[in-house]
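Each protein sequence line maps, in turn, to chains A and B.
In case it helps, my numbering puts the first sequence at residues 1 to 475.
In case it helps, my numbering puts the second sequence at residues 1 to 474.
Positions of the beta carbon are idealized from the N, C-alpha and C atoms, including for glycine.
Notes for the one structure printed next.
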Amino acid sequence: MSLSDGWEMVVGLEVHTELKTKTKMFCGCPNAFGAAPNTNVCPICLGLPGSLPVLNVRAVELAMAIGTALHSTISPSTFHRKNYFYPDMPKDFQISQYDLPINAGGYLDLPDGSTVSIERAHLEEDTGKSTHLGGSGRIHGADRSLVDYNRSGVPLVEIVSGPDIRSAAQARAYVGELRGILIATGASDGRMEEGSMRIDANVSVRKSGEPFGTRCEIKNLNSLRSLQRAIDFEAQRQIDLLDKGGKIRQETRHWDEILATTSTMRVKEEADDYRYFREPDLVDLIPDQAWQDRVRDALGPMPAERRALLSARLSSPTDALLGAVEVVIDLGLDGYVNGAIDANVAPELAIARAANELAAGIDTLDHLTLASFVETLSMEQSGDLSATQAKTVLLELLAKSGDPKDIAATRGFERLASGAVGDIVAAVIEANPDEWSRYREGDEKLAQFFIGQVMARTKGQANGKEVIAELQTRR
Amino acid sequence: MNSAEQIARDVQSGSMSATSVLEMSLDAIRARNEELNVFLYVDEEGALEAATNIDARVAKGENVGPLAGVPIALKDNLCQDGIPTTCSSKILEGWRPPYNATVVERLFAAGAVPVGKTNLDEFAMGSSTENSAFGPTRNPLNPSRVPGGSSGGSAAAVAADMTPLALGSDTGGSIRQPAALCGLVGMKPSYGLVSRYGLIAFASSLDQIGPLTKSVTDAAMLLEAIAGHDVMDSTSLPEPAPSLIAHVNDGVAGKRIGLVRELFDGADEDVVASVELAVEALREAGATIVELSVPEFRLGLSAYYLIAPAEASSNLARFDGVRYGLRVNEADVTAMMEATRTAGFGDEVKRRIMLGTYALSAGYFDAYYGQALKVRTLTIDAFARAYLQADLLLGATTPSVAFEFGSKTSNPMAMYLSDVFTIPSNLSGEPAISVPFGTGEAGLPTGVQLLGPGRSEAQLFAAARVLEIANGRP
């Protein structure tokens, strides 16, 4: 979307990412999504009187890994209490970082060549989750509210960008690249739909070259699509308002996915007063150089580098192929692809199978070993499996693991003898005389019918193009 | 009631059963609890089970632990699994913690028998135990007087021979001041020596759990049992519990003891007289007395009444009616929280929450809380300079002996001044002990205070023991 004449949007993003630790930030409860409500809780994450927090060292390491990948300065830092009352926050304060975050400064290069500055990436604890029933469905005016504290105390890193983003598409690219980094560092699974990443967008508009306008913050955007649509809507709303001579009020706004609009959540009459002060129950966090070095050394290559490496392996990089490379890198599937290419699988084939079949089965990727991926693709490349059969084998491997040869044998996927397709095509024509005559009279749609029949008789082994060629010679 | 030292020896040797000791304790509670309002809850069943278990283990020849069969009273801001814990506040009435404080775990491991929960100023905010939502505790030595506070119930339990040991918590003097007013030994240990896990926080950076006992040796025994690193408390000192009992009789020969003017200036004459007698006793035992002035101590009270309320305003936010304790239903959640807190907290707690909220607010932070933190640093530095000239410091614990009920309730500042001599050690995080020494107005005991640098508990007990002997305790 392009803005009306002379207008420019200014966007800064706050990305909250849940860290993939085994346990919560300040207690030993499992950090797991999807358990029955209020089962992963203890006196500490319920904030029961007398309980005290103990910092999870793994959470600190993952935060340092994120900072390292974002070129931040890792600094001695402190924890503060952010005080406000909210029922899903059991202590009625959140342990966060304030003036001394663990990661200060930094930047992120985007695939289009632009750079977005990073202000900070700090550690904090997540809150519980409220569900408001009946009435308004919001906290004020609901009949009843239920709170699940399983998420309470899950470690978060909040990554705050500078106000450097100038379009919704760039915002989307920023989050996509950041997501790749979070996955690559092992800090996050990047699953936005499960709330592993949540985004607040600060949006303002200005005439090019003028100072920043008044900003509005859109809360809790939880998909790339919502992010892009919400930013576009909000920028246009502000422009329309200003064009009509109105003024922007600094406020927090809510994105309604169904109505595709933003609306006022709360107005900031004055700056929120969270009464931050040093958390007296925790000691200062001072990662020494040796620890920082260990984190840096353990870090693999980041998405930008991996994207470049994989693209360089393509002999003729088309836009479609580069798009598929993007998917492969975003999902962290390049280990499979590079492994397959190393074993002489054609890069195009490896990228296609990763970007489609593996991407679709990403949730159960643990089932698929590199060896079985390589073996399946090698069988396809040599003609032992057709494309359809290779995809079937991959889906089964993803679903429940196994040996590609065994799966192929169990399913009766055998290579056709040369000339066999011609015989089968002839048999299919003989069995379907009506369809054959209509096809001969020019009903091209029936080609698919004949391919389907041949595939059924060969259990998918036949090559579609070969079937068409056989039909053409008999037409 | 015998000393804890004697009871533990008798129970371990089998010459006395833990159950019979417990029965004496429960009899004493039955005899005077109604009059004195010491215990808010007595866990007869649980205590009997613990005592029976100890007797069975003794019969099998097991070593039960250093506090074998010794009944102990717990201030009601310490969590014990399944036992009502109120902080003497209506807002927590009916709540039973699902876990034990670390000190409670350690007491059980040492063979002690927790008998119940004692009264305190609501959320440990006060110096007379008059701020309890469940009525004041009376001083067993003179029931028309306060026992001090906020650990007034724990002090009264020991003073009334209900239990030989009690645990209190000390944020600005809440162990030492009631110890002085009830004629007991009370110690606030170095910050981090005793785990705070399971102590319901008043002011986290100042709170410490410590012993209230009749003798120095009993205090050392109890502290040794509960001290030492705990992974559940990030501010816990890294080292294991120090050896304390072994040093109780080390004496003070060759020690330099600093008599600090600011630690008795303004106290009643009888209190000052006791401090002067303590000077003589220490000198006679071989200590050198150095007269010192530490003007920074005068600033302590003001800094304390910003830092402690600031932390409290945050620590007490969780009492919102959502999860436990009192809930006053209202149309929506914000109104429910407001109504619950309005009904659940007493005046002094509300006063401090407001003070603390104000001190942390944008625009006032630097002038109040920020300034108080600077004073705290000044206090720490002043202590460090004093300890270049003296090994330990000496002064009064409180400005007066136990006072009459109601005599200070109308004027919060007068009440706050009760803690003027005890607060500096909380700000510095260093240990201090109050030991009964001398007699004052109306025949009530006076307490003197010994202060030491971080982790000097063993030296403080040794010096306190010298005074205890001079005061007539063998």
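Inter-residue CB distance, B:L74 and B:T19 (contact presumed, cutoff 8 Å): Actually they are not in contact, since the Cβ atoms of B:L74 and B:T19 sit about 20 Å apart, beyond 8 Å.
Test: B:D233 CB closer than 8 Å to a CB of chain A: yes
Chain-ordered neighbours of A:I102 on chain B, where CB pairs are closer than 7 Å: The premise fails here: A:I102 is roughly 16 Å from chain B at the closest Cβ pair, so nothing lies under 7 Å.
Neighbouring residues, chain A, relative to B:I200 (Cβ below 8 Å): P49, G50
Minimum Cβ-Cβ distance from A:S401 to chain B less than 8 Å: no
A:L322 versus A:I351 - alpha carbon distance: 9 Å
Proximity to A:T214 [Cα-Cα], best of A:E193, A:R198, A:K247, A:D5: A:K247
CA-to-CA distance, A:A462 to A:R411, given in whole angstroms: 15 Å
Neighbour flag for A:N40 against chain B, beta carbons, 8 Å: no
Runs of alpha helix (DSSP H) lying entirely within the segment 251-326 of chain B, each at least 4 residues, in chain order: 269-284, 300-315
Alpha carbon of A:L358 to alpha carbon of A:L365, nearest angstrom: 7 Å
Three-state secondary structure (DSSP) of A:P433: helix
Any C-beta of chain B under 8 Å from that of A:D342: no
Exposed unless 16 or more other CB atoms sit within 10 angstroms - verdict on B:M354: exposed
Strand pairing of A:K219, partner residues [DSSP]: A:H254
The segment 80-94 of chain A: positions lying closer than 7 Å to chain B by Cβ: R81, N83, F85, P87, P90, K91, D92, F93
CA-to-CA distance, B:M336 to B:A432, given in whole angstroms: 42 Å
Segment contact flag, the segment 141-153 of chain A with the segment 34-42 of chain A, C-beta cutoff 8 Å, min 3 pairs: yes
Closest by C-alpha distance to A:F233, when choosing among A:R81, A:A169, A:Q292, A:H122: A:A169
C-beta neighbour in chain B for A:I286, strict 8 Å: no
Chain-ordered residues of the segment 279-308 of chain A with a beta carbon less than 8 Å from chain B: P280, D281, L282, V283
Runs of alpha helix (DSSP H) lying entirely within the segment 152-237 of chain B, each at least 4 residues, in chain order: 152-159, 176-182, 216-226
Neighbourhood of B:P424 by C-beta distance below 6 Å, restricted to the same chain and skipping five residues each side: F297, G300, T379
According to DSSP, residues forming a beta bridge with B:P84: Paired residues: none, contrary to the question.
Coil, strand or helix - A:N202 by DSSP: strand
Three-pair Cβ contact test at 8 Å for the segment 274-288 of chain B versus the segment 242-250 of chain B: no
Three-state class that DSSP yields for A:P317 in the structure shown: coil
Beta bridge counterpart(s) of A:G190 as assigned by DSSP: DSSP lists no partner for A:G190.
Cβ-based contacts, 8 Å cut-off: residues of the segment 328-359 of chain B near chain A: D332, V333, T334, M337, T357
Sequence-distant residues of its chain with Cβ nearer than 7 Å to A:S51 (five each side left out): P43, I44
Beta carbon proximity, B:E311 to chain A, threshold 8 Å: yes
Bridge-paired residues (DSSP) for A:W7: A:K207
Status (buried if at least 16 other CB within 10 Å, exposed otherwise) for A:K22: exposed
Within 8 Å, strictly: CB atoms of B:E457 and B:S205: no
Beta-carbon gap between B:T397 and B:V448 smaller than 8 Å: yes
Near the ligand PLP: B:G266 beta-carbon under 7 Å from a heavy atom: By its list of ligands, the structure shown contains no ligand whatsoever, and the ligand PLP lies outside what it can speak to.
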